[in-house]
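Engineer: Going by the UniProt record's numbering, the residue at position 580 of the sequence shown is 580; the numbering climbs one at a time, nothing skipped. The C-beta atom is built at its ideal place from N, Cα and C for all residues, glycine as well.
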Amino acid sequence: MHLAICAANSKSSPWEKGSYILNLCPKVEEDGSIALGSRSQTAIHALGIYFLESKLMFPEKILPYLLKVLKSLPNAKWESENFQSYKSQKLPTPECFSFSLNCLLCDVIAISEDIATEQSIISAQMDLMETLSKLIADDNTPRDLVCQFYMPILVGSIRAFARDTNPLVFNKLFPCQLRPNQPASILTQNIEKKQGKKSKFDDSIDISTYFFSTAGTSLSEAIDSYAERHDTEHFFLSMDQLNSVFQLCKNLLLSDVPSRLDEMLLEHTITSQSSTSTLNKLPYKTYSGLLSLTLMSMLRDVLLHQKDIKEEFIKEVLQFAKQMFTSSFTDSLDQKGSASSKSNFASADKVNINFGELSVANTSVSVQLVLWATADESDAEEVLLHRIAEKINGNHNLKYILLQLPLVVTCIEMLGAMAEKFPGLANAIVTTLREFLVSPSPIIDRLNRHSEVLSGKKSSSKRGTPAKISLSSDQDDRLSTVSMRSSVANKITDAFFQLRNVAMKNVCTALRSGLNEDSDCILAFLASLSNRLYIAEDNDRESQLISTNAILTLGYVGVNLRYTQNRRTVQLVMQIFQQRFCTPPSALDAIIVDQMANIVIAGCSCKCSLRSVWRVVKPTTLKELAMCTSTGLWLERLLSLSSL
1 MHLAICAANS KSSPWEKGSY ILNLCPKVEE DGSIALGSRS QTAIHALGIY
51 FLESKLMFPE KILPYLLKVL KSLPNAKWES ENFQSYKSQK LPTPECFSFS
101 LNCLLCDVIA ISEDIATEQS IISAQMDLME TLSKLIADDN TPRDLVCQFY
151 MPILVGSIRA FARDTNPLVF NKLFPCQLRP NQPASILTQN IEKKQGKKSK
201 FDDSIDISTY FFSTAGTSLS EAIDSYAERH DTEHFFLSMD QLNSVFQLCK
251 NLLLSDVPSR LDEMLLEHTI TSQSSTSTLN KLPYKTYSGL LSLTLMSMLR
301 DVLLHQKDIK EEFIKEVLQF AKQMFTSSFT DSLDQKGSAS SKSNFASADK
351 VNINFGELSV ANTSVSVQLV LWATADESDA EEVLLHRIAE KINGNHNLKY
401 ILLQLPLVVT CIEMLGAMAE KFPGLANAIV TTLREFLVSP SPIIDRLNRH
451 SEVLSGKKSS SKRGTPAKIS LSSDQDDRLS TVSMRSSVAN KITDAFFQLR
501 NVAMKNVCTA LRSGLNEDSD CILAFLASLS NRLYIAEDND RESQLISTNA
551 ILTLGYVGVN LRYTQNRRTV QLVMQIFQQR FCTPPSALDA IIVDQMANIV
601 IAGCSCKCSL RSVWRVVKPT TLKELAMCTS TGLWLERLLS LSSL
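#1: Between the C-alpha atoms of Phe246 and Ala602, what's the straight-line distance to the nearest angstrom?
#2: Relative to the C-alpha of Pro440, which candidate in Ile401, Ile392, Lys421, Leu407 has its C-alpha closest?
#3: Report, in whole angstroms, the separation of the C-beta atoms of Leu168 and Asp107, which I expect to be a contact under 8 Å.
#4: Kindly identify the DSSP beta-bridge partner or partners of Ala162.
#5: Cutting at 8 Å between CB atoms, please list the residues of its own chain near Phe496, excluding the five before and the five after it.
#6: My output table needs one value for Ala590: the three-state DSSP class, helix, strand or coil.
#7: Considering Cα atoms alone, identify which of Ile592, Arg512, Thr374, Gln404 is closest to Leu358.
#8: In chain order, what residues of the same chain have a beta carbon less than 7 Å from the beta carbon of Ser460, not counting five sequence neighbours either side?
#9: DSSP state of Tyr287, grouped into three classes?
#10: Could you say which of Leu526, Leu295, Leu318 lies nearest to Glu576 if we only look at CA atoms?
#11: Helix, strand or coil: how does DSSP classify Leu254 here?
#12: What is the rounded straight-line gap between the Cα of Ser642 and the Cα of Ala587?
#13: For the pair the stretch 415-430 and the stretch 503-511, tell me if three or more CB-CB distances fall below 8 Å.
#14: My guess is that Trp236 and Gln306 are in contact by the Cβ rule of under 8 Å, so how many angstroms apart are they, rounded?
#15: Nearest to Ala160 by CA position, among Asn395, Phe325, Leu101, is which residue?
#16: Sorted by chain position, which residues of the same chain lie with C-beta nearer than 8 Å to Asn490's C-beta, five sequence neighbours on each side aside?
#17: Determine, using beta carbons only, whether Asp71 and Leu36 come nearer to each other than 8 Å.
#18: Which residue spans inside the stretch 292-317 form an unbroken alpha helix (DSSP H) run of at least 4?
#19: Do Val438 and Ala550 have their beta-carbon atoms positioned less than 8 Å apart in this structure?
#20: Determine the DSSP secondary structure at Ala524, reduced to helix, strand or coil.
#21: For a test of the three-state rule: what should DSSP assign to Lys71, helix, strand or coil?
#22: Tell me the DSSP secondary structure of Lys17 in three-state form.
#23: What does DSSP give as the partner residues of Trp78 in its beta bridges?
#24: Which residues in the same chain have their Cβ closer than 6 Å to the Cβ of Glu79, if we skip the five residues on either side of it in sequence?
#25: Pairing CB atoms from the stretch 132-147 with CB atoms from the stretch 260-276, are three or more of them under 8 Å?
#26: Looking only at its chain, what residues have a beta carbon closer than 6 Å to the beta carbon of Pro152, apart from the 5 residues adjacent to it on each side?
#27: Can you name the start and end residues of the alpha helix (DSSP H) that Gln119 belongs to?
#28: Closest to Asp520 by C-alpha separation, out of Thr564, Glu542, Val488, would be which residue?
#29: Using alpha carbons as the reference points, say which of Thr131, Gln89, Arg163, Glu312 lies closest to Phe174.
#30: Can you give the Cα-Cα distance for Leu572 and Arg434, rounded to whole angstroms?
#31: At the level of alpha carbons, what is the spacing between Tyr287 and Gln578?
#32: Leu47 and Ile5 - do their beta-carbons sit closer together than 8 Å?
#33: Using the C-alpha atoms, what's the distance from Phe325 back to Val367?
#34: Which class does Ser244 belong to by DSSP, given the choice of helix, strand or coil?
#35: Assuming Asp107 is part of the alpha helix (DSSP H), what are its boundary residues?
#36: Closest to residue 656 by C-alpha separation, out of Met574, Thr217, Pro585, Phe581, would be which residue?
Right, here's the structure in full:
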């Protein structure tokens with residue numbers, strides 16, 4: 001890898017250097033076979049890095065070889081080795097190599113400005129998927145070949161096909177740490193800073209391990225946010241290519257192939273238990289859910305940004321997406337009673353995902369496809385809005401809520417996207433999200449209650465003065481129980497904050513879109529929140545949650561919609577805060593001051609907003625100061641500070 005980078009970045013890079021790296025790569029035989037051991041795969045990766053780093057020098061020599069390797073994957077001879085070929089590898093080696101090779105070719109398309117190069121790569125990728133799909137669907141194909149090689153290669157190809165062209169990903173899959181004392185991610189960030197680029201990749205994802213250890217992932221999942229994905233450069237396929245991709249999805253998913261794959265995989269798992277070969281040890285126990293997730297994700301990513309698509313084609317996609325949505329939605333509902341079921345993969349240490357999670361991910365992708373293909377507002381309301389409202393307001397147990405969390409997040413994001421696509425539905429969507437936050441939804445309420453209970457237990461377990469820490473099994477069990485409770489509490493709290501934040505964000509999206517249809521929609525929303533805030537004072541145990549959510553939502557709207565309606569939104573929010581502050585005094589006053597400060601810090605520093613903040617804070621500040629002065633507390637606090 002280091003040799004490839006140095007050779008590519010040297011001032012004079014003659015073909016001798018590239019030829020040396022190419023000669024290290026395995027040879028494609030006349031019968032189309034190729035031997036792919038760990039060293040061979042590393043050599044091909046190094047050749048790819050050299051090709052990209054050199055800005056595609058010598059394409060007439062390197063690109064034909066890479067396309068030959070891609071074409072030869074169904075006939076490849078994989079060497080069984082006792083070590084991992086990829087960093088933190090948990091997925092099958094054929095899948096990892098297929099994914100990385102297709103990522104390399106996608107990056108070549110991104111750099112190249114030659115249309116012929118782009119079409120040759122896309123055609124080769126589609127030919128490979130067609131070949132593998134026919135082999136998998138053929139009843140005469142040996143079971144072990146399908147399970148060990150053909151399916152992993154196909155899944156790897158699907159995960160990388162025609163994905164986002166910017167930012168480039170291959171070099172992030174195999175980062176070269178040129179300075180041992182500095183992580184490769186930091187080096188990449190420094191380079192992007194020097195080039196004035198802002199990375200669109202989610203910083204929480206380690207690209208070099210994520211795609212080799214997480215089942216069913218695609219490149220679009222690593223992009224920082226849903227909005228960033230729309231700003232990213234994308235592939236554009238012809239109608240013939242789009243139709244081929246769509247037919248591939250239909251042929252594989254609307255047939256008996258998924259069920260047959262699961263049967264073959266079960267038989268293969270039973271017969272290979274005594275085998276010592278690493279190639280026989282597959283992490284999956286189901287292929288049907290994995291195939292559905294990867295194909296639907298590919299179809300979504302390919303179609304999402306295409307232009308000038310025929311109306312008949314869109315109708316076909318809509319019908320297919322509805323069918324898959326209904327199927328996956330039913331599967332995800334079936335998981336309600338088995339949310340704690342065992343993983344549908346060989347080991348939880350290997351690939352941490354189960355059938356329920358696959359169903360949830362499938363439903364999330366199907367929702368996005370249905371919204372993309374829906375052209376009529378009434379259809380969007382009937383098919384999506386009502387079902388999404390039902391989904392996000394369902395009354396379920398905690399385990400089921402945590403299992404369904406990605407789907408609920410996607411549903412809320414789709415409400416915002418639906419409001420942008422159909423402004424006429426904006427008011428209904430705003431109402432749905434408002435009720436989700438301040439009714440509140442049973443999901444929000446249950447997460448909040450469990451978070452408070454577990455956090456209370458956690459804090460109570462820390463009370464008292466602990467004695468010596470010994471190695472007794474009783475104390476060890478207690479420590480592990482406390483640690484487990486803390487982990488569960490953090491997970492629940494994170495889920496609660498994530499749902500609340502994404503709901504507030506999409507409320508703003510829907511309100512901004514609704515201004516085109518109703519100029520008073522923001523005023524009406526703020527008035528309804530204000531009323532809910534006062535009603536909550538006389539409510540039961542939910543009053544604290546309702547009031548907190550209402551105040552945070554008001555602050556979020558004040559910041560994100562501060563430039564709408566000549567800053568009138570900010571004035572209205574500040575007015576509501578001013579009326580609610582210290583009437584009566586409560587713990588909510590601190591949240592109100594915090595939100596008012598956020599509005600000012602966000603740039604709403606008009607005289608009106610500053611005056612509102614000062615009008616609210618001044619009486620309380622002077623009162624506290626007078627109390628401290630009269631009781632001598634100021635001297636005590638001053639002495640305590642001076643002793644630090």
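Structural biologist: So, from the data block:
#1: The count along the sequence shown starts at 1 and reaches residue 246 at position 246. The count along the sequence shown starts at 1 and reaches residue 602 at position 602. Taken atom to atom, the span from the alpha-carbon of Phe246 to that of Ala602 is near 45 Å.
#2: Here residue 440 is taken as the residue at index 440 of the sequence shown, counted from 1. The closest CA to that of Pro440, considering only Ile401, Ile392, Lys421, Leu407, is found on Ile392.
#3: Here residue 168 refers to the residue found at position 168 when the sequence shown is read from its first residue. Here residue 107 refers to the residue found at position 107 when the sequence shown is read from its first residue. Right, their Cβ atoms sit about 5 Å apart.
#4: Residue mapping note: residue 162 aligns to position 162 of the sequence shown, counting from 1. Per DSSP, none; premise fails for Ala162.
#5: Here residue 496 refers to the residue found at position 496 when the sequence shown is read from its first residue. Contacts found: Ile444, Leu447, Asn448, Ser451.
#6: By one-based count along the sequence shown, residue 590 stands at place 590. In the structure shown, Ala590 adopts helical secondary structure according to DSSP, grouped into three states.
#7: Locating residue 358 in the sequence shown gives position 358, where the first residue counts as 1. Per the Cα distances, Gln404.
#8: Counting from 1 along the sequence shown, the entry for residue 460 is found at position 460. In this prediction, Ser460 has a pLDDT of 42, which is less than 50 and means its spatial position is unreliable; nothing more can be read from the coordinates.
#9: On the sequence shown, residue 287 is found 287 positions in, with the first residue counted as 1. In this structure, Tyr287 counts as coil in the three-state DSSP scheme.
#10: Within the sequence shown, the letter at position 576 stands for residue 576. Per the sequence presented here, residue 576 reads as Ile, with Glu not at that position. Looking at the Cα atoms, Leu526 is the closest of the given residues.
#11: Indexing the sequence shown from 1 puts residue 254 at position 254. Leu254: coil per DSSP, three-state reduction.
#12: Residue mapping note: residue 642 aligns to position 642 of the sequence shown, counting from 1. Residue mapping note: residue 587 aligns to position 587 of the sequence shown, counting from 1. Any reading at Ser642 is ruled out, since the residue's pLDDT is 49, under 50, leaving its predicted position unreliable.
#13: Segments in contact, yes.
#14: On the sequence shown, residue 236 is found 236 positions in, with the first residue counted as 1. On the sequence shown, residue 306 is found 306 positions in, with the first residue counted as 1. Here residue 236 turns out to be Phe, not Trp, going by the sequence shown. Right, the Cβ-Cβ distance comes to about 6 Å (below 8 Å), so this counts as a contact.
#15: For the purposes of this step, residue 160 is taken as residue 160 along the sequence shown, with counting starting at 1. Checking every option, the nearest Cα to that of Ala160 belongs to Leu101.
#16: For the purposes of this step, residue 490 is taken as residue 490 along the sequence shown, with counting starting at 1. Answer for Asn490: no residue qualifies.
#17: Locating residue 71 in the sequence shown gives position 71, where the first residue counts as 1. Locating residue 36 in the sequence shown gives position 36, where the first residue counts as 1. A small fix is needed here, since residue 71 is Lys in this sequence, not Asp. Going by C-beta atoms, Lys71 is not nearer than 8 Å to Leu36.
#18: none
#19: As a working mapping, residue 550 is identified with position 550 in the sequence shown. As a working mapping, residue 438 is identified with position 438 in the sequence shown. It is a contact, given that the beta carbons lie within the stated cut-off.
#20: Position 524 of the sequence shown, counted from the start, is the residue given in the question as residue 524. Reduced to three states, the DSSP call for Ala524 is helix.
#21: Translated into the one-based positions of the sequence shown, residue 71 becomes position 71. Of the three classes helix, strand and coil, the one that applies to Lys71 here is helix, per DSSP.
#22: Residue mapping note: residue 17 aligns to position 17 of the sequence shown, counting from 1. Residue state, collapsed to three classes: helix.
#23: The count along the sequence shown starts at 1 and reaches residue 78 at position 78. The partner list for Trp78 (beta bridge, DSSP) reads Leu36.
#24: Translated into positions along the sequence shown, residue 79 becomes position 79. Gly37.
#25: yes
#26: As a working mapping, residue 152 is identified with position 152 in the sequence shown. Excluding positions up to five away in sequence, the list reads Pro92, Pro94, Glu95.
#27: For the purposes of this step, residue 119 is taken as the residue at position 119 of the sequence shown. Taken as a continuous stretch (DSSP letters only), the alpha helix (DSSP H) holding Gln119 covers 115-137.
#28: Taking the sequence shown and counting its residues from 1, the one referred to as residue 520 is at position 520. Checked all of Thr564, Glu542, Val488; the closest Cα to Asp520 is Thr564.
#29: Within the sequence shown, the letter at position 174 stands for residue 174. Selected option, being the one with the closest Cα: Gln89.
#30: Counting from one through the sequence shown, the residue named residue 572 turns up at place 572. Counting from one through the sequence shown, the residue named residue 434 turns up at place 434. Taking the straight line from one Cα to the other gives about 18 Å.
#31: The residue given as residue 287 occupies position 287 in the sequence shown. The residue given as residue 578 occupies position 578 in the sequence shown. Spanning the two alpha carbons is a distance of roughly 58 Å.
#32: Indexing the sequence shown from 1 puts residue 5 at position 5. Indexing the sequence shown from 1 puts residue 47 at position 47. Against a cut-off of 8 Å, the Cβ pair of Leu47 and Ile5 comes out as no contact.
#33: In the sequence shown, counting from the first residue as 1, residue 367 sits at position 367. In the sequence shown, counting from the first residue as 1, residue 325 sits at position 325. So the alpha carbons of these two residues sit roughly 7 Å apart.
#34: In the sequence shown, residue 244 corresponds to position 244, counting from 1. Of the three classes helix, strand and coil, the one that applies to Ser244 here is helix, per DSSP.
#35: Stepping through the sequence shown from its first residue, residue 107 is reached at position 107. 93-111 is the span of the alpha helix (DSSP H), which, as asked, contains Asp107.
#36: Residue 656 lies beyond the stretch modelled for the chain, which goes from 1 to 644, so this question has no answer here.
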